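Presented below is the structure to which this report refers.
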Amino acid sequence: MDNSCIDDSTSNTSGSLSTSTPSAKKKLSPPPPPPATMRLYRMGSGGSSVVLDSENGVETESRKLPSSKFKGVVPQPNGRWGAQIYEKHQRVWLGTFNEEEEAAASYDIAARRFRGRDAVTNFKSPAIDGTDAESAFLEAHSKAEIVDMLRKHTYADELQQSKRKFLDGNGKRCGSGTTTMSNGNDGVSRAREVLFEKAVTPSDVGKLNRLVIPKQHAEKHFPLPAMTTATVVAAMTPSPTKGVLINLEDRMGKVWRFRYSYWNSSQSYVLTKGWSRFVKEKNLRAGDVVCFERSTGPDRQLYIDWKVQSGTEEITPVQSVVRLFGVNIFNATTNAKPNDVAVECGGKKRSREVDLFALGCSKKQTMINAS
DNA sequence: CTGTGTGTTGAA
DNA sequence: TCAACACACAGG
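Residue numbers (our numbering): 3 to 373.
Below, the structure written as structure tokens:
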């Protein structure tokens, strides 16, 4: 049933956003040539099908499906409403809904994403400033993703989630580790490139509350002096004082904000404010590796990841936090008791934070994409 | 068996 | 591009 493949190619001529798969899929019955003689038309289907006898103009139980007053909304035999939008001669099914208005609203959302802010819609009107949260949200997702949300009726939730994160200082959404990238060449590709890694030194995780960024990497990826680089500006906010604030998202989708600056005294680039918290929460130890990545997409989102480097270990007493969708729902401070969560890392067990967010991020994007 | 959503067509 | 019609077939 759910086999729409939507390839996103914003403004790309060759690209095709196809829903009703071309031929290969399934060849159905040939066009039903209505016998000119026998004028019996079945209207609708399923329970509401009716027979019209146009011979004498009398109809047996006129039960045509009630057409909707909303654009992009079509009636369903069972009384529900379907939403659809067209693109490139093809219909993109947006799902079925109980309420006509709901279907209409879904169409509006799709229309916005597919045709821009000046799209003709049912309800949406203004949004003159292209900077509202929803617009940003739409831009940040591929058409396929938006359609998927509409069909699953999860759009509202996803939008709200993004808003929450936005306030948190960064507008990315949760993804499980190496998230799959939407094949479409439109939206935010969650593909990342590793910028550099560093095995933290004792002082990096010590009381100095700072992480030294190797100069070569710092100057290559985080050019501090000339803050003009557009790519960096997007993720860094000039700080009132020295340095800049930099936002990085970890594998849990949590956004970390650090102060990034240059210390003349030691002639080194460092992450200061915020770093100690990261060390603490991730239970970083000397020898562990922190990895800096960046989205290859237009958003240039920065990510920070870490991994335990094999080494001397013992079970560390640490608070075990169970998190669901970025919210701590269970917090037990134990000393590596059975209750604690231990994770195999480099052959050594170590208590770690555990996130269960993946549960809700299940996204089975059915994209049989062909590029 | 129930509905969904695709095949298809004709009108705008 | 769009909605109406018809119905194959996916999912329970």
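By construction, the Cβ of each residue, glycine as well, lies at the ideal position given by its N, Cα and C atoms.
Given the structure is predicted, the values throughout are model-derived calculations rather than measurements.
For residue i, three-class secondary structure by DSSP
i, result
"S108", "helix"
"L273", "strand"
"K71", "coil"
"K90", "coil"
"R82", "coil"
"A113", "helix"
"D120", "coil"
"E195", "strand"
"D150", "helix"
"V214", "strand"
"K165", "helix"
"E295", "strand"
"R261", "strand"
"E251", "strand"
"V310", "coil"
"A142", "helix"
"A288", "coil"
"V401", "As shown, the chain starts at 3 and ends at 373. That puts residue 401 outside it, with no answer to give."
"F280", "helix"
"N187", "At N187 the pLDDT is 37, less than 50, meaning the model places this residue with poor confidence; the figure from the coordinates comes in the next sentence. Three-state DSSP puts N187 in coil, outside helix and strand."
"T23", "Because T23 sits at a pLDDT of 36, beneath the cut-off of 50, its placement in the model cannot be relied upon, and the point is left open."
Given residue i as reference, the closest of the options once Cα atoms are compared
i, options, result
"K126", "L140, N80, K284 and I111", "I111"
"S164", "K284, L273 and H143", "H143"
"V246", "S268, F139, E283 and Y264", "Y264"
"Q162", "E136, A146 and R119", "E136"
"E221", "T203, K90 and L197", "L197"
"I301", "A138, R115 and Q78", "Note that residue 301 is Asp in the sequence shown, not Ile. D301 has its Cα closest to that of A138, out of A138, R115 and Q78."
"R194", "V75, Q303 and K71", "Q303"
"Q218", "E199, R212 and N211", "E199"
"K66", "K73, N80, V202 and K145", "N80"
"C311", "G74, F294 and L286", "Position check: residue 311 holds Gln in this sequence, whereas Cys was assumed. The candidate whose alpha carbon is nearest that of Q311 is L286."
"V214", "K154, R114, V257 and K275", "K275"
"M151", "D120, V202 and F99", "F99"
"H415", "E295, V202, N266 and F260", "Any property of residue 415 remains undetermined from this structure, which presents the chain solely from 3 to 373."
"V149", "D307, V94 and E103", "V94"
"R212", "I87, W277 and Y88", "W277"
"R115", "K145, Q92 and E104", "K145"
"K309", "Q78, V76 and R253", "R253"
Burial state of residue i, where buried means 16 or more other Cβ atoms lie within 10 Å
i, result
"Y271", "buried"
"A158", "exposed"
"N124", "buried"
"E251", "buried"
"S268", "exposed"
"F106", "It is Ala, not Phe, that sits at residue 106 in the sequence shown. It is buried - the Cβ of A106 has at least 16 other Cβ atoms within 10 Å."
"N249", "buried"
"V122", "exposed"
"S297", "buried"
"S69", "exposed"
"Y109", "buried"
"G97", "buried"
"V134", "The question names Val, yet the displayed sequence has Asp at residue 134. With fewer than 16 Cβ atoms within 10 Å of its Cβ, D134 is classed as exposed."
"K71", "exposed"
"E101", "exposed"
"K284", "buried"
"K90", "exposed"
"Y262", "buried"
"R279", "exposed"
"K282", "exposed"
"G118", "exposed"
"Y305", "buried"
"A85", "buried"
"D2", "Since the first residue shown for the chain is 3 and the last is 373, residue 2 is missing from the structure and cannot be characterised."
"R201", "The question names Arg, yet the displayed sequence has Ala at residue 201. The residue in question, A201, is exposed, as its Cβ has fewer than 16 Cβ neighbours within 10 Å."
Heavy atom of the ligand FMN within 8 Å of residue i beta-carbon
i, result
"A220", "Looking at this structure, you won't find the ligand FMN or any other ligand, since it has none at all."
Is the number of C-beta pairs between the segment 201-220 and the segment 289-304 that are closer than 8 Å three or more? yes
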